[in-house]
Amino acid sequence: MRKIILEIEPDLKQVISYGIPAFKLDKDVVCGLAARKNGCSFYPFSGSVLEALRADLKDFSQTKSALHFDKPLSKTLVRKLMNQRQVQIMVKKKRK
1 MRKIILEIEP DLKQVISYGI PAFKLDKDVV CGLAARKNGC SFYPFSGSVL EALRADLKDF
61 SQTKSALHFD KPLSKTLVRK LMNQRQVQIM VKKKRK
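Here you go:
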């Protein structure tokens with residue numbers, strides 16, 4: 001997953017945020033990952049990202065803030081998740 005994320009956006013910095021490995025662009029966290037006993041989770045650091053991509057995520061277990069999976073996510077899906085988050089970040093910056 002880390003490799004896919006960095007292929008999609010090579011300028012991301014790897015950090016720890018809220019205790020999990022995460023990826024930042026400038027001052028904003030784009031996404032994070034966590035591995036647990038029962039699978040892995042993708043964190044978009046925004047509850048509305050998963051809601052916006054509801055149709056693409058219908059086969060996955062999720063909470064408001066995390067997408068849970070036990071098999072690798074496709075690069076296409078990771079790109080959609082990251083793009084949605086980056087759009088939110090850009091909109092937020094334009095409002096300031």
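So the sequence shown is residues 1 to 96, counted in UniProt numbering.
Cβ coordinates follow ideal geometry from the N, Cα and C atoms, glycine included.
The model shown is predicted, which means the values in this text are computed figures rather than measured ones.
Query                                                                                                                                                          : Result
Starting from the N-terminal side, write out each stretch of the beta strand (DSSP E) that is 3 residues or longer and does not extend beyond the region 1-25. : 13-17 and 20-25
Is the beta carbon of Arg79 sitting closer than 9 Å to the one on Ser46?                                                                                       : no
Please say whether Ala34 and Ser41 have beta carbons closer to each other than 9 Å?                                                                            : yes
Compare the C-alpha of Lys93 against each of Ala55, Lys27, Met82 and Ile5 and name the closest.                                                                : Lys27
For Ile4, which residues of its own chain have a beta-carbon under 6 Å away from its beta-carbon, when the five flanking residues on both sides are left out?  : Lys75 and Val78
Work out the CA separation of Asp56 and Asp70 for me, nearest whole Å.                                                                                         : 16 Å
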